[in-house]
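Here is the structure we will look at.
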Amino acid sequence: MPNTNLENMLNEAGNSYNNASMLASQRRLPEAIEQYKDALKRLHELEVIYQYNDKAPENLINTLNQNLYHGYADIGNCYLDLSKPNFNEASRAFLNALAYGQIQSTVGNLLYCIEQINAFVSSAVIIYKENELDGNFVNLHNQGYNLLKENLIPQAAEILQRASKINPNFAPTYHLLGLVYEKLKQDELAVKSWLKVLELKHDYNFETRIKIQLS
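Quick note: the sequence shown uses this note's numbering, first residue 7, plus one each step.
Spelled out as C-alpha cells, the structure:
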C-alpha cells in the first residue's frame, strides 16, 4: 500500500480523534467515547497494515503509536468523568495506553481505578466446579486472596506467584498479583500483571469476583 494511502488513513483516524476531543471538551462524554472508539478502530487497522509493511516510514509508525497512546488515555479519562464513572472500562483503556506510551504518564490513573475497583474485592467470588481447576492451585489462589485481604502482602505475593506457575492461564490470579505489586509499590510488575490479565482474557471484567469457591 502506498505511503500516501497510509497517511490518508492516519489523517482520517486523526479527524475522528479530534471530533472526540471536541465532544469531550463539551462534556458530551458518551458521544466522545464512541468517537474515540472509532478513532482507535481506525488506528488498529493501520497498525495491522504496518506490521506487514516493512517500508512504512518510521515517522508514521511513531505517530501511530503516539495516537494510540493518547486515544486510550483520553477515552480512559472520559470513562472516569462520566456521571457514574466506569472504572472497569477506564482500567482497560489505561492498560492499553501503557502498551504504547510512558508508564509514568498513565499509571496514576490506572492505580486510581484499581483502588476503586478493589472496594469490590472483599465480597468477591468466582464459582467453578471442582474438576475444572487443580485443587492445589485453587488452595494457593484462595490463600493468596486471603493474605491480601489481611494485608500480609509479601506472603500473598509469594503464594500467588506459586499459583501462577501451576496455572499460568488463569486471569484472576494475575489480577490479584497486580493488586499485590501495587501495594508493594512495584508499579511496573503491577502493570505487567494487569496486561497479562487482558492478554489471557481480553474482555476480562476487573469488577469480577476473584475468590474461587468450589461448588
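For glycine and all other residues, C-beta sits at the position ideal for the given N, C-alpha and C. It should be emphasised that the depicted structure is a prediction, and the values quoted were computed from it without experimental measurement.
With DSSP collapsed to three states, give me the class of residue i.
| i | result |
| --- | --- |
| Tyr23 | helix |
| Tyr187 | helix |
| Tyr106 | coil |
| Phe143 | helix |
| Pro178 | helix |
| Asn148 | helix |
Expressed to the nearest angstrom, what Euclidean distance is found between the alpha-carbon atoms of residue i and residue j?
| i | j | result |
| --- | --- | --- |
| Leu70 | Glu13 | 10 Å |
| Ala103 | Gln32 | 23 Å |
| Asn25 | Ala45 | 9 Å |
| Glu37 | Ser89 | 14 Å |
| Ala79 | Leu49 | 14 Å |
| Asn73 | Asn11 | 17 Å |
| Leu195 | Ala162 | 15 Å |
| Ala30 | Asn21 | 14 Å |
| Ser129 | Glu205 | Confidence is the limiting factor: at Ser129 the pLDDT is only 35, short of 50, which leaves the residue's position unreliable and the question unanswerable from this model. |
| Lys155 | His76 | 35 Å |
| Phe143 | Ile172 | 6 Å |
| Leu185 | Gln41 | 31 Å |
| Trp200 | Ile55 | 27 Å |
| Lys198 | His181 | 10 Å |
| Leu190 | Lys207 | 25 Å |
| Leu86 | Tyr151 | 27 Å |
| Asn92 | Ile81 | 11 Å |
Check for me: the alpha helix (DSSP H) holding residue i runs from which residue to which?
| i | result |
| --- | --- |
| Leu195 | 193-206 |
| Glu156 | No alpha helix (DSSP H) contains Glu156, which DSSP labels as neither H nor E. |
Could you tell me whether any non-hydrogen atom of the ligand SAH is closer than 6 Å to the CB of residue i?
| i | result |
| --- | --- |
| Ala79 | Only the bare structure without any ligand can be found here, which leaves the ligand SAH out of the picture. |
Is the CB of residue i under 7 Å away from at least one CB in chain C?
| i | result |
| --- | --- |
| Asp44 | Looking for chain C here will not work: only one protein chain is present. |
Please give the ranges of any alpha helix (DSSP H) in the region 11-98, keeping only runs that are unbroken, at least 4 residues long and fully inside the region. 35-57, 64-87
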